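Engineer: Structure incoming, see below.
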Amino acid sequence: MVILSIADMHLRTEQDHSVAFKNSLANFTKFMATTIIPDDRWKPDFICICGDITDKAKKEEFEKAQGIVSQIAQSAELSGQYVMMVPGNHDLVRPTGDSDTLDRYVNDTKQWLDNGNKIPDATHDAFSTYAAFRASMLQETDSIQYVDLMKELKIDDMRGLYGLRVFHNDKVVFAEFNSTWCDIGGTRRSVRLGNILVNKAFQRLQQYKDAGYFIVGMFHHSLRFLDVQEYQVRSHFHVYDNIVKVCDICLSGHEHGMEAKDPDALGNSCQYILNAGFFSIDPENFLHESGATLLRINRNEETLQVRKLLRKSDNTWHDSDTISTYSLAIRRHTSPINPEIPKTPIPKNVSSRDDRAMTSAILRIFGDSFSLGNKIDGSTDTYELRSTATGQLEAHVVFADQHNALSVDAALPAEHDKKLLVINVNGNYTDCKDPTDAILRKRFRKQILSGSVVVLSS
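If you use my numbering, the sequence shown corresponds to residues 27 to 484, in order.
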């Protein structure tokens with residue numbers, strides 16, 4: 027599966043901008059036709075546009091954008107059905123008024139995002155133009171579905187503003203999140219995805235993930251821009267944590283630049299790619315910066331290859347020097363993996379029900395230092411945890427539900443001292459049978475003390 031990922035087109039109607047963009051776009055489509063499309067390995071299956079499609083959210087800009095997006099899709103030999111997009115902060119009609127008016131807009135919008143009551147009129151009006159634009163491109167078939175999360179909140183006329191694009195034949199879901207509700211310019215406003223909306227999306231996405239679908243999360247702002255309510259506060263739905271948990275990769279824009287950043291591993295779980303600006307202006311020197319990214323995902327080998335496409339000063343396009351490969355199985359990696367390092371083997375006697383979850387959890391938490399050994403107890407899903415370097419038994423590891431994790435030690439070999447460390451599969455410390463065992467608590471990411479029992483809770 028190959029994704030062409032772009033962001034920040036900033037389409038305007040001004041003549042000077044239009045001419046420059048037209049030249050850049052013509053050369054990009056030529057580059058796609060002559061360099062990318064002939065190579066079947068890199069021919070895009072999907073296109074993701076991560077916001078700021080227009081510059082001022084004018085109706086005529088969106089009308090222009092419809093033709094531009096169609097051109098980009100045609101250059102990849104795709105129809106509009108295979109184009110995903112999210113709004114950017116330049117794609118909403120920004121409310122006008124004094125500081126009190128803007129503050130009232132932000133506060134009313136935040137309250138709606140937290141409690142899901144009637145959408146404020148000002149918020150509705152700010153996004154109605156984008157919603158109509160996106161809805162016009164949402165064609166559905168028996169195998170291509172759109173899950174409209176706004177409709178689930180009884181907002182029937184905002185189709186396309188926030189939803190899931192599901193491709194059943196390809197078993198992939200694109201989550202089109204909206205991060206721009208409160209980013210209205212002027213003084214710095216907080217970035218919110220919306221507690222209620224993300225909760226609804228997460229419930230659906232978890233079902234798809236359990237069914238083996240690949241999940242791509244899209245938003246305009248990087249998740250690091252989220253305000254504290256959604257990034258750290260745990261009193262409500264865990265917005266940041268659950269997006270990272272359920273998505274296999276995440277894409278964003280907003281920050282421009284000449285080329286995409288190398289992927290980061292969010293929460294030791296999800297590969298995240300920050301796109302370059304497809305056609306944006308560097309505010310320091312006013313040069314046009316343009317870039318795009320091809321992402322080649324091999325779901326069998328669980329790898330992500332990143333190929334950066336760059337625009338030269340003469341408007342022609344070219345490849346970056348290297349194509350980097352990243353792991354999707356060991357998602358904690360933030361640098362290219364060495365292809366000569368073999369994957370940790372899955373023992374033959376590990377049950378098919380747990381081998382993937384167990385092995386992935388071991389690798390995310392302990393890295394390559396430890397590997398899953400033989401299964402020693404079927405009733406409690408207990409395995410050996412061995413040193414990869416020496417093969418020595420270091421501990422026993424149990425895959426258990428968080429609620430019964432503290433009772434599994436009864437079935438373990440009597441010679442163990444039953445120090446019990448419970449770790450969620452995402453790597454977070456949960457509980458310890460002996461709370462005074464500070465060494466075990468502090469060092470579990472780096473080493474396992476001989477004779478301990480590690481419980482990975484779901």
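Using N, Cα and C, we set each Cβ at its ideal position, and we do this for glycine too. This one's a predicted model, so the numbers in the text were calculated from it and none came from an experiment.
Span of the beta strand (DSSP E) holding Ile-323?
Structural biologist: 317-324 is the extent of the beta strand (DSSP E) around Ile-323.
Engineer: I need the straight-line Cα distance from Thr-39 to Ile-75, nearest angstrom please.
Structural biologist: Rounded to whole angstroms, Thr-39 to Ile-75 spans 20 Å at the Cα level.
Engineer: Taking Val-270 and Gly-293 to be in contact with their CB atoms under 8 Å, please state how far apart those CB atoms are, rounded to whole angstroms.
Structural biologist: Contact flag correct, Cβ pair sits at about 4 Å.
Engineer: Taking all protein chains shown into account, decide if Pro-113 is buried (16 or more other Cβ within 10 angstroms of its Cβ) or exposed.
Structural biologist: Answer is buried; the Cβ neighbour count reaches 16.
Engineer: With a floor of 4 residues, list each alpha helix (DSSP H) that falls wholly inside the region 255-283, ordered by position along the chain.
Structural biologist: Listed in chain order, they are 265-272.
Engineer: Rank Cys-208, Ile-222 and Thr-149 by C-alpha distance to the C-alpha of Ser-216 and give the top, closest one.
Structural biologist: It is Cys-208 whose Cα lies nearest to the Cα of Ser-216.
Engineer: For Gly-303, is the beta carbon positioned less than 7 Å from some heavy atom of the ligand GDP?
Structural biologist: As far as ligands go, the structure on display features none, and thus does not contain the ligand GDP.
Engineer: Where does the unbroken alpha helix (DSSP H) through Phe-200 begin, and where does it stop?
Structural biologist: Phe-200 -> not in any alpha helix (DSSP H); beta strand (DSSP E) instead, spanning 198-202.
Engineer: Which residues does DSSP list as the beta-bridge partners of Cys-208?
Structural biologist: None, per the DSSP bridge assignment.
Engineer: Quick check on the burial criterion: 16 or more other C-beta atoms within 10 angstroms. Buried or exposed for Glu-256?
Structural biologist: Glu-256 is buried by the Cβ-count criterion.
Engineer: Using 10 angstroms around the beta-carbon of Gly-77, count the other beta-carbons present and answer buried if the total reaches 16, otherwise exposed.
Structural biologist: Result: buried.
Engineer: Mind pulling the alpha helix (DSSP H) runs of 4 or more residues that sit fully within the region 43-106?
Structural biologist: Taking only runs of at least 4 residues, the alpha helix (DSSP H) segments lying wholly in the region 43-106 are 85-101.
Engineer: Count the other C-beta atoms from every protein chain shown that fall within 10 angstroms of the C-beta of Glu-417, then say buried if there are 16 or more, exposed otherwise.
Structural biologist: Sequence inspection shows Gly at residue 417; the Glu mentioned does not correspond to that position. With fewer than 16 Cβ atoms within 10 Å of its Cβ, Gly-417 is classed as exposed.
Engineer: From the DSSP output, in three-state form, read off Arg-218 for me.
Structural biologist: It is coil, neither helix nor strand.
Engineer: With a cut-off of 8 Å, do at least 3 Cβ pairs link the region 146-162 to the region 79-91?
Structural biologist: The region 146-162 is in contact with the region 79-91.
Engineer: Are three or more beta carbon pairs between the region 187-197 and the region 92-105 nearer than 8 Å?
Structural biologist: No, because fewer than three Cβ pairs between the region 187-197 and the region 92-105 fall closer than 8 Å, the two stretches do not touch.
Engineer: Measuring straight from C-alpha to C-alpha, what distance separates Val-119 and Ser-105?
Structural biologist: Near 28 Å, if we compare the C-alpha coordinates of Ser-105 and Val-119.
Engineer: Leaving aside the five residues before and after Ser-346 along the sequence, list all residues of the same chain whose C-beta is less than 8 Å from its C-beta, in chain order.
Structural biologist: Closer than 8 Å at the Cβ level, and outside the excluded window around Ser-346, lie Glu-285, Arg-333, Lys-334, Leu-335 and Leu-336.
Engineer: When the Cα atoms are used, what is the spatial distance from Gly-93 to Ser-278?
Structural biologist: Roughly 23 Å between the two C-alpha positions.
Engineer: Pull the bridge partners of Gly-243 from the DSSP assignment, please.
Structural biologist: According to DSSP, which records beta bridges pairwise, Gly-243 is partnered with Ala-201 and Cys-276.
Engineer: Which stretch, first to last residue, makes up the beta strand (DSSP E) that contains Tyr-108?
Structural biologist: Taken as a continuous stretch (DSSP letters only), Tyr-108 belongs to no beta strand (DSSP E), as it is neither H nor E.
Engineer: Could you tell me which of Lys-144, Leu-164, Asp-168 and Phe-193 sits nearest to Glu-178, measuring between CA atoms?
Structural biologist: Checked all of Lys-144, Leu-164, Asp-168 and Phe-193; the closest Cα to Glu-178 is Lys-144.
Engineer: Per DSSP, which one or two residues make a beta bridge with Ile-349?
Structural biologist: In the DSSP output, where bridge partners are listed per residue, Ile-349 has Arg-333.
Engineer: Please state whether DSSP places Ala-148 in a helix, a strand or coil.
Structural biologist: If DSSP states are grouped into helix, strand and coil, Ala-148 belongs with the helices.
Engineer: Going by the DSSP bridge assignment, what does Gln-297 pair with across the sheet?
Structural biologist: Answer by DSSP bridge pairing, in chain order: Ile-275 and Ala-291.
Engineer: At the level of alpha carbons, what is the spacing between Ala-59 and Tyr-156?
Structural biologist: Those two C-alpha atoms are separated by around 30 Å.
Engineer: Looking at Leu-219: is its Cβ nearer than 8 Å to the Cβ of Ile-275?
Structural biologist: Their beta carbons are not under 8 Å apart, which means Leu-219 does not touch Ile-275 by this criterion.
Engineer: For Ala-148, which option in Glu-166, Thr-122, Asp-168 and Thr-167 has the closest C-alpha, if you only look at C-alpha atoms?
Structural biologist: The option with the nearest alpha carbon to Ala-148 is Thr-122.
Engineer: Going by C-alpha to C-alpha distance, which of Asp-126, Asp-196 and Asp-168 sits closest to Met-27?
Structural biologist: The residue with the shortest Cα to Cα distance from Met-27 is Asp-196.
Engineer: Could you name the residues that DSSP lists as bridge partners for Asp-174?
Structural biologist: Answer is Gly-189.
Engineer: Within its chain, find whatever has a CB closer than 6 Å to the CB of Phe-54; leave out the 5 residues flanking it on each side and keep chain order.
Structural biologist: Once the five neighbours on either side are set aside, the close Cβ partners of Phe-54 are Trp-343.
Engineer: DSSP puts Phe-304 in a beta bridge; with which residues?
Structural biologist: Paired residue(s): none; Phe-304 is not in a bridge.
Engineer: Reducing DSSP to helix, strand and coil, say where Lys-235 ends up.
Structural biologist: It is helical.
Engineer: Apart from the five residues just before and just after Arg-322, which ones in its own chain have a Cβ nearer than 6 Å to its Cβ?
Structural biologist: Counting only Cβ-Cβ distances below 6 Å, and skipping sequence neighbours, we find Val-28 and Gln-331.
Engineer: Mind checking Val-109: buried by the 16 CB within 10 Å criterion, or exposed?
Structural biologist: Buried, by the Cβ-count rule.
Engineer: Which residue comes first and which comes last in the beta strand (DSSP E) that contains Thr-408?
Structural biologist: Its beta strand (DSSP E) spans residues 408-413.
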